[in-house]
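Everything below concerns the one structure shown next.
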Amino acid sequence: ESTCLETNAHVKVDEYGFFLYWLIEARDAVVLDMGQVWEARPSGLPKDGRVLFELEQRGSRETLEERTIWITHGQDLVNVQSFYLVAETVEIARAWRIGINEILKNCKIRHVCPTTNLLRYWKWLTLSVNDRRKIPIKLLVKTFASGKPEKMVLKCLSDLGLCGDK
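In terms of the UniProt record's numbering, the sequence shown is residues 1 to 166.
Spelled out as structure tokens, the structure:
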């Protein structure tokens, strides 16, 4: 529906294969749960003429189709969203598609041990940074509130010295 072209985004998968995330200067990090990614596949040319023009200025049009990765994700197959990544080279795009699909074969686990869930949640918190590259207090409050008043959680965080500049 809306087209947004972000250039120079640094895309990574965390070391445990839990999340696909990217950082853009002066913006909040975008974190995508790999458990909600359905597939990564080759894509055609972008339909938006402005985006196509912008991408053609940055590289060869002949390889644009081969350098584009189409990623679909969502909590179920009804509410699916998608986005596109454009790699610098065809080889990098191929490696990303293969790598993401290999991770997806193993990450659709729903019932894992509590330690793995804690590790996954800790990793999500450390990746979900704001534009100043700090974990927002609202994420911590949301994590620990779970039915308790938010003021109580904020007081506990400030008593621990974790709520200084939010």
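Ideal placement from N, C-alpha and C gives every residue a C-beta, glycine not left out.
These figures come from a predicted structure and were not determined experimentally.
Tell me, which residues are paired with residue i by DSSP?
| i | result |
| --- | --- |
| Trp22 | Val11, Val30 |
| Pro42 | Ile69 |
| Val37 | His73 |
Does the distance from the CB of residue i to the CB of residue j come in under 8 Å?
| i | j | result |
| --- | --- | --- |
| Gly17 | Ile103 | yes |
| Val90 | Arg58 | no |
| Ala29 | Leu127 | yes |
| Leu20 | His10 | no |
| Glu25 | Thr72 | no |
| Ile137 | Arg97 | no |
| Glu62 | Gly44 | no |
| Ile135 | Val141 | no |
| Leu85 | Glu54 | no |
| Lys123 | Asp14 | yes |
| Asp131 | Arg27 | yes |
What are the boundary residues of the beta strand (DSSP E) that residue i is part of?
| i | result |
| --- | --- |
| Gln81 | 81–86 |
In this structure, does DSSP put residue i in helix, strand or coil?
| i | result |
| --- | --- |
| Val90 | helix |
| Val129 | coil |
| Tyr121 | helix |
| Lys134 | coil |
| Ser2 | Confidence is the limiting factor: at Ser2 the pLDDT is only 47, short of 50, which leaves the residue's position unreliable, though a coordinate-based value still follows. Three-state DSSP puts Ser2 in coil, outside helix and strand. |
| Gly99 | helix |
| Leu64 | helix |
| Leu104 | helix |
Tell me where the alpha helix (DSSP H) around residue i begins and ends.
| i | result |
| --- | --- |
| Thr143 | 137–145 |
| Asp159 | 150–159 |
| Glu56 | 49–58 |
Given 7 Å as the limit, tell me if residue i has its C-beta closer than that to any heavy atom belonging to the ligand GDP.
| i | result |
| --- | --- |
| Asp33 | In the structure shown, the ligand GDP is absent, as is every other ligand, since no ligand is present at all. |
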